[in-house]
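A.B. asks: Sharing a structure here in structure tokens format.
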Amino acid sequence: MKYLTSLMLLPLLGAILISTLPKNKSNYAKWVALLTSIVVALLGLLIALRFEIDRPGFQFVENYSWIPSFGINYSLGIDGIALVLILMSVILVPIVIVAGWHESEGGRWGSKSFYVLILILETMMIGVFAATDVFLFYVFFEAMLIPVYFLIGGYGVGERAAAAVKFLLYSLFGGLLMLAAIIGIYVISGNQGGHTFDIEKLSQLTIDSTTQNFLFLGFFIAFAIKAPLWPLHTWLPDAAKSATPGTSVLLLGVLDKVGTFGMIRYCIKLFPESSKTFTPVIIALALISILYGAFLAIGQKDIKGLIAFTSISHFGFITMGIFAMTTQGHSGATLYMVNHGFSTAALFLVAGWISARRGSSTIADFGGLQRVTPVLAWTFFIAGLSSLALPGLSSFVSEFLVLVGTYTRYPVAAVIGTLGIVLAALYILIPVQKALHGPITPGNENLPDITRRERIAIAPVIAVIIFLGFYPKPLLDVINPASIATLTAAGFSDPVPAAGGK
Amino acid sequence: MTDSLILQYSFLAPIMIVLGGAVIGVLVEAFVAAKRRATIQLLIALFTIFVSFISLLRIRNLTSAKAAFNSVMIDGPAIFMQGTILLIAFFAVMIIGDVDHFTAQASAVPGSEEEKSAVQTGRQQTEVFPLTLFAVAGMMLFPAASDLITLFVALEVLSLPLYLMAGLSRRRRLFSQEAALKYFLLGAYSSAFFLFGAAFLYGFSYSVTLAGIHAAVIGGTANNVFLLIGLLFVSIGLLFKVGAVPFHAWTPDVYQGAPTPITGFMAAATKVAAFGALLRIFYVTFGDAVWNWRPILTVIAILTMLVGSIVAITQRDIKRMLAYSSIAHAGFLLTGVIALNRAGLAATLYYLLAYGFITIGAFGVITLVRDSSGEITDLNRWAGLGRRSPKIAALFSFFLLAFAGIPLTSGFIGKFAIFTAAYESGNIGVVVVGVLSSAIAAFFYIRVIVMMYFAEDNKDSLTVVIPSPLTSIAIWVSGAVTLVLGVYPTPVLNFINTLAIFIR
């Protein structure tokens, strides 16, 4: 059975089914979308169960010739890192659909298009993590932008069209730089034994260091735009403020992970020397992102803007963990990607519900919700605690691993990065204290508390957050071998701890 | 040599069939009642192109064939480009055949009584069909011509009908006539440049055949100054036709003024023909003098890409915008010429096919967006099209994304192929500029999508006419081709790879 292809085809079939629904039956669209995404999630879990932890290299490999005249193959395969990210994606999609059950109704177009776009996006999200052919990866990487563009511009709020365009142009610009780099490495492969896009073969090329640096930058800038790293982040807050909560979850939770995933899979794997050369710069940018994102988050008046800036801070941690080039750093960063996906999902969904009830996303308008809508407020609080990495909640483990992994190689960076944790406490606790616990803002007295549908949507997210906080081992077991393999192949080894080693 | 001193009718058949169809079309104008002409002309044109395509298929496996006393070279690239031109022409004629695009009587002064009475009788200039066929024949000959005289004849045969057709618009007739005049005058200049250059090349090599000039280039004893001057002026003549900067000034005016179906045909098919000739001349004749022309052509390509994509941003008219976009695409195609390798030739052929269909489709859609006074080309008034006719807007967006080179469209594969070829030949700078201009170009394509979907609806009486079956077929087939060439281009690429060798 072709697991990965089936996993990608299912959402696409769902999308086709929805688009053929007659107009008067468009209510069924969300049910079809939900059922499809649940089946996809179950299949994703099945794949996870059949994944063999101890086997090195890619698993569930599929390989077909696609465009032979350019040596392009349709080849899929997953390692531990890709597996956990795919798993996160397929679990988030049904949650997003349930959570935003009425999200599609405020759009320019009907709900049918909304769910078609979501399911097409799901196909591409799986494809982008599963592709082991660089060309195929690029196809998904770019094509993915189109459904998101229409989701933001068509169903968002406020300056949605402008935000959608900004998002698309930023991403396209990065993508085209990457295209030039892909063409470059492809031509080099042609000079060294045959044109190919196979990631394993490409990683064995010998490239002189100047060329390697340029190609590395082509990839890295594209990924740094995607997983917004200061100073390429400016599209994110706009997009997050304008998109519906569900779209924001997929955008920040999954799509932006393609950037950090790409750094591991492509930047480090293909250009290990350049990765080393640029590490100081990248670590510095990551630190700036951590602090800058956190400071701006503290100053945000808009709840969605707050979450967007916290994410910039978190992506700084992830990037720092990756470029520390230690196994703890890598494993921590990968785990962080998953945890950030869930904690951001929780924050965005609850913030979305609160804003929808209140008709405003300004934090100051949420006064006294702790008393009016206790369950909602508590859920937000837990999500916030996860975001600030409270021990016992999932993000703690990953943030700790990232900092430990960074410390063994770059102690100063790790120490500065720790400041980010302190700031995180501020940006989460200040709004919680001032708004949720404050006096009831006029107009908030009769807001309804969480509904059953919302409970169903948020419960699994909170469960995952708590479960991974206490017992991250299953994920780390899957991630660790892949991290070690990546670093070993790239020629990095963990530094021996200085203290106690004597 | 004597054995090739025959016409080789079978190799020339595709071209001659089209010419024959054109002549029959002229006779129909003379002898058939005005009312029935439009239908009959349309059928004749489509049938002619179809038969010509069949006869082309019969000779598709030729590896080398000279015909018409060595002045025509039917080799792989020529066959592919002739086929591309025929396919494009077939769908273009379908759109041309839709009612209401052409003036009732071209000779009547705009606004005069004569014009009014002509409109009332329901007449239409049906000469446009034979004119199209003549242009198609010229275009088919252009990339196959293997001496400078034939090349010049083909250039005129394809250009003259286009000058006329550009002036036949039914609405905004003065505008259309101005465009036609401008096109004619500038075209005549460029023809003069071409002839001037041809004379110098003859002085350089004492030969008008491409093979003879090539022999003189290799020989290296002839006067290099003559070569340079000849090369420069012949290139100017050809670069004018593809709309490369700085010879692009006619493009926006003509694209905007000409009747939209003609603009589409012109944009798609002329580009194929002109790039066909350009490729043949640079690959076959001057390939060994690459250091004489590559630097200047590189500069032209870079300018063309940048000017095309930057100026397009400021356009408020959809046809003008697409005109500048076609300039940018001419720049992308020039990188394939600069590459001067087999991959470059194959990539350019693929790009031309892909671009041709995207263009036909895009202009086909523009013909459908109208109000009571005719087509609406002002971009601001396209606001809300996405809501009023979602299918047409979605199709147009798809064409725009294909122009922009987004994956899963033919435009992406074309761009990838052509940049790869240029990179492989060592012209990395051109590739970087190409990539950057693609990023700039994406901006204005996306702006149109924003306009259609995200701009506030205005209350203008903008409507999308229900497309006639012919236009529908043309635009949806173009869309399907664009998608298929983007998702599974393998068969076409393999076919091109077997063909992509020029024969001297």
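Protein chains in written order, with our numbering: chain A, 13 to 514; chain B, 803 to 1306.
Glycine is no exception: its CB is placed at the ideal position from the N, C-alpha and C atoms.
Since the structure is predicted, the reported quantities are computational estimates derived from the model, not experimental observations.
Strictly under 9 Å for the Cβ-Cβ distance: is A:Leu264 near chain B by that measure?
C.D. replies: Closer than 9 Å: no.
A.B. asks: Does DSSP classify A:Gly89 as helix, strand or coil?
C.D. replies: Strand, per DSSP.
A.B. asks: By a C-beta neighbour count over all protein chains shown, 10 Å radius and 16 as the cutoff for buried, is B:Asn1025 buried or exposed?
C.D. replies: B:Asn1025 should be labelled exposed.
A.B. asks: What did DSSP end up calling A:Thr374 once you bin it into helix, strand or coil?
C.D. replies: Of the three classes helix, strand and coil, the one that applies to A:Thr374 here is strand, per DSSP.
A.B. asks: Taking Cβ positions only, does B:Ile1208 come closer than 9 Å to chain A?
C.D. replies: Yes, B:Ile1208 lies at the interface with chain A (some Cβ there is under 9 Å from its Cβ).
A.B. asks: Is there a Cβ from chain B that is less than 9 Å from the Cβ of A:Ala155?
C.D. replies: Yes, its Cβ sits closer than 9 Å to a Cβ of chain B.
A.B. asks: Mapping DSSP to helix, strand and coil, what is A:Met156?
C.D. replies: If DSSP states are grouped into helix, strand and coil, A:Met156 belongs with coil.
A.B. asks: Under the three-state reduction of DSSP, which class applies to A:Ser77: helix, strand or coil?
C.D. replies: Note: A:Ser77 maps to strand in three-state DSSP.
A.B. asks: Does A:Tyr150 come within less than 9 Å of chain B when only Cβ atoms are used?
C.D. replies: Yes, A:Tyr150 counts as interfacial toward chain B.
A.B. asks: List the DSSP bridge partners of B:Thr1265.
C.D. replies: Beta-bridge pairing links B:Thr1265 to B:Arg1172.
A.B. asks: Are B:Leu1105 and B:Val1047 closer than 9 Å when you measure CB to CB?
C.D. replies: A contact, by the Cβ cut-off of 9 Å.
A.B. asks: Any idea what DSSP makes of A:Gln445, helix, strand or coil?
C.D. replies: DSSP places A:Gln445 in helix when its eight states are reduced to three.
A.B. asks: Taking the straight line between their C-alpha atoms, what separation do you get for B:Val874 and B:Leu1003?
C.D. replies: Taking the straight line joining both Cα atoms gives about 19 Å.
A.B. asks: Could you tell me whether the Cβ atoms of A:Gly83 and A:Thr259 are closer together than 9 Å?
C.D. replies: Not in contact: A:Gly83 and A:Thr259 (Cβ atoms no closer than 9 Å).
A.B. asks: At the 9 Å Cβ level, is A:Val199 part of the contact set with chain B, yes or no?
C.D. replies: Yes, its Cβ sits closer than 9 Å to a Cβ of chain B.
A.B. asks: Assign A:Val293 to one of two classes, buried (16 or more other C-beta atoms within 10 Å of its C-beta) or exposed (fewer than that).
C.D. replies: Looking at its Cβ environment, which holds fewer than 16 other Cβ atoms inside 10 Å, A:Val293 is exposed.
A.B. asks: Against A:Ile237, what residues of chain B qualify as contacts under a CB-to-CB distance less than 7 Å, listed in chain order?
C.D. replies: Within 7 Å Cβ-Cβ: nothing; A:Ile237 doesn't reach chain B, min ~12 Å.
A.B. asks: Straight-line CA distance for A:Gly512 to A:Ala345?
C.D. replies: Because A:Gly512 carries a pLDDT of 47, less than 50, the predicted location of this residue cannot be relied on, and no value is offered for it.
A.B. asks: Counting contacts by CB-CB distance shorter than 9 Å, is B:Tyr1225 in contact with chain A?
C.D. replies: Answer yes: the Cβ-Cβ gap between B:Tyr1225 and chain A drops below 9 Å somewhere.
A.B. asks: Give the range of the alpha helix (DSSP H) segment to which B:Arg975 is assigned.
C.D. replies: It spans Arg975 to Ser1007 - the alpha helix (DSSP H) in which B:Arg975 sits, taken as one unbroken run.
A.B. asks: May I have the straight-line CA-CA distance separating B:Ala836 from B:Gln927, to the nearest angstrom?
C.D. replies: Cα to Cα, B:Ala836 sits roughly 10 Å from B:Gln927.
A.B. asks: Given that B:Val780 touches chain A, what residues does it touch there, using C-beta distances under 7 Å?
C.D. replies: Chain B is shown only over 803 to 1306; residue 780 of chain B falls outside these bounds and no answer can be derived.
A.B. asks: Can you tell me the Cα-Cα spacing of B:Ile1309 and B:Ser857, whole angstroms?
C.D. replies: Because residue 1309 of chain B is not part of the residues shown, which for chain B are 803 to 1306, the question remains open.
A.B. asks: Measure the alpha-carbon distance for B:Ile1298 versus B:Leu1147 and round it to whole angstroms.
C.D. replies: Going by the C-alpha atoms only, they are around 9 Å apart.
A.B. asks: Name the residue from A:Leu303, A:Thr144, A:Leu131 and A:Phe354 whose alpha carbon lies nearest to the alpha carbon of A:Ala426.
C.D. replies: Ranking the options by Cα distance to A:Ala426, first place goes to A:Leu303.
A.B. asks: Should B:Gly1213 be flagged as near chain A, meaning a C-beta pair shorter than 9 Å?
C.D. replies: It does not: the Cβ of B:Gly1213 has no partner Cβ on chain A nearer than 9 Å.
A.B. asks: Please tell me whether A:Leu133 and A:Pro106 are closer than 9 Å, where the distance is taken between their beta carbons.
C.D. replies: Going by C-beta atoms, A:Leu133 is not nearer than 9 Å to A:Pro106.
A.B. asks: Taking the alpha-carbon positions, what's the B:Ile826 to B:Met1068 distance?
C.D. replies: About 23 Å.
A.B. asks: Given this structure, state the Cα-to-Cα distance separating A:Arg172 from A:Phe126, to the nearest angstrom.
C.D. replies: Roughly 15 Å between the two C-alpha positions.
A.B. asks: Below 8 Å, how does it come out for the region 1139 to 1146 of chain B and the region 1069 to 1088 of chain B: are there three or more Cβ pairs, yes or no?
C.D. replies: Cβ pair count under 8 Å is three or more, so yes.
A.B. asks: Might you give, ordered along the chain, the residues of its own chain that have their beta carbon closer than 8 Å to the beta carbon of A:Asn458, omitting 5 neighbours on each side?
C.D. replies: Hits under 8 Å: Val384.
A.B. asks: Considering just the uninterrupted stretch of the alpha helix (DSSP H) at B:Ile881, what are its terminal residues?
C.D. replies: Unbroken alpha helix (DSSP H) run through B:Ile881: Gly878 to Ile898.
A.B. asks: Taking contact to mean 3 or more Cβ pairs, one atom from each stretch, closer than 8 Å, check whether the region 1147 to 1161 of chain B and the region 1268 to 1278 of chain B are in contact.
C.D. replies: No: fewer than three Cβ pairs fall under 8 Å.
A.B. asks: Does the region 283 to 302 of chain A come within contact of the region 330 to 350 of chain A, defined as at least 3 CB pairs closer than 8 Å?
C.D. replies: Short answer: they touch.
A.B. asks: Provide the residue span of the alpha helix (DSSP H) that contains A:Leu46, from first to last.
C.D. replies: Run containing A:Leu46: Tyr40 to Arg62, per the alpha helix (DSSP H) assignment.
A.B. asks: In terms of residue numbering, what span does the alpha helix (DSSP H) encompassing A:Phe408 cover?
C.D. replies: Element bounds for A:Phe408: Ser406 to Tyr419.
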